[in-house]
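Residue numbers for the sequence shown follow numbering that gives the first Met the number 0, beginning at 0 and rising by one.
Using N, Cα and C, we set each Cβ at its ideal position, and we do this for glycine too.
In what follows, a single structure is set out as structure tokens and then discussed.
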Amino acid sequence: MEELKARIQAEGHYLGDGILKVDSLLNHQIDPGLMYRMGEEFARRFANIHVDRILTAEVSGIGPALMTGYVMGIPVVYARKQKPLTMSGPVYLEVAPSHTKGGEVLLLVSAEFLHAGENVIVLDDFLASGKTIDKLARMVHSAEANLVGIAAVIEKTFEGGRDALSRHNVPIEVLARISGYDEKTKLFHFAD
0 MEELKARIQA
10 EGHYLGDGIL
20 KVDSLLNHQI
30 DPGLMYRMGE
40 EFARRFANIH
50 VDRILTAEVS
60 GIGPALMTGY
70 VMGIPVVYAR
80 KQKPLTMSGP
90 VYLEVAPSHT
100 KGGEVLLLVS
110 AEFLHAGENV
120 IVLDDFLASG
130 KTIDKLARMV
140 HSAEANLVGI
150 AAVIEKTFEG
160 GRDALSRHNV
170 PIEVLARISG
180 YDEKTKLFHF
190 AD
């Protein structure tokens, strides 16, 4: 998605150690127009697959997942990182590493929001190592639902997540694939 790539180039900052800061458009401040256009693009890419719901992780996956769900006319479920008092009954729980938090985070989804037999797309802000997305996919399988696609706004191709997720045998759609960063020119390199 050329608009997204241009925004990453103009506003993104590489902080080293594989960390990309895109706070002005995705991870802290949200551009609703851009989010909507990303939702339209994801909906277009998954138009030939029947999808019942989208699963993401809080916080940064919610914006793009919500807009995609809006365009597709389907619900969005997000994995919580802390269990609220209102979450009772069976819960799907996974532990995922967080590169930006420097540790592990809990991912919790109430069983009432993932149903057996439904077709689910896992959509997150970043595809890096693939570990968080893989944990969300495990929740889909635990619910006896069908994982029918994986999506991410930005992929860091140099972290190998796509290869790690290929075992799920579903389409993997990404809007901007970053293959590197040039310290001298301060420019990102995009794959594709």
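Skipping 5 residues on each side, what residues in its chain have a beta carbon closer than 6 Å to that of residue i?
i	result
Met86	Ser109
Asn118	His49, Val50, Asp51, Asn145, Val147
Leu135	Leu54, Val121
Lys130	Ala95, Pro96
Gly160	Leu126, Ala127, Ser128, Gly129
His12	Lys20
Considering only the beta carbon of each residue, do residue i and residue j sit closer than 8 Å?
i	j	result
Tyr77	Ala46	no
Pro63	Leu122	yes
Ile73	Ile53	yes
Ile149	Ile132	yes
Ser141	Ala163	no
Leu25	Asp124	yes
Tyr180	Phe187	yes
Gly17	Lys155	yes
Val173	Leu126	yes
Leu58	Gly68	As written in the sequence, residue 58 is Val, which differs from the Leu given in the question. Not a contact, by the Cβ cut-off of 8 Å.
Note down the Cα distance separating residue i from residue j, rounded to an integer number of angstroms.
i	j	result
Tyr91	Phe41	26 Å
Glu39	Ala175	15 Å
His114	Val70	21 Å
Arg166	Arg6	32 Å
Ile177	Pro83	36 Å
Tyr35	Leu3	12 Å
Glu111	Lys185	46 Å
Taking residue i as the reference, give the member of the options with the closest Cα.
i	options	result
Gln81	Arg6, Arg44, Val94, Ala163	Val94
Leu65	Gly88, Arg44, Met37, Pro83	Met37
Leu33	Arg161, Met0, Val104, Glu111	Met0
Gly60	Arg79, Arg44, Arg43	Arg79
Leu151	Arg44, Pro31, Gly15, Leu14	Per the sequence shown, residue 151 should be read as Ala rather than Leu. The shortest C-alpha separation from Ala151 is found at Arg44.
On the DSSP letters alone, give me the boundaries of the beta strand (DSSP E) that residue i sits inside.
i	result
Val147	145-155
Val121	118-126
Asp181	171-181
Ile53	52-56
Cutting at 7 Å between CB atoms, please list the residues of its own chain near residue i, excluding the five before and the five after it.
i	result
Ser23	Glu10
Could you give the first and the last residue of the continuous alpha helix (DSSP H) run that contains residue i?
i	result
Ala163	160-164
Lys82	Where Lys82 is concerned, there is no enclosing alpha helix (DSSP H), given that its DSSP letter is neither H nor E.
Val21	First-last for Val21: undefined, no H or E at that position.
Note down, in chain order, each residue of its chain lying with its Cβ closer than 8 Å to the Cβ of residue i, except the 5 sequence neighbours on either side.
i	result
Glu143	Ala115, Gly116
Gly88	Ser109, Ala110, Glu111
Taking 7 Å as the line, does the beta carbon of residue i fall inside it for any heavy atom of the ligand NAP?
i	result
Gly17	The ligand NAP is not among the ligands present in this structure, which contains no ligands whatsoever.
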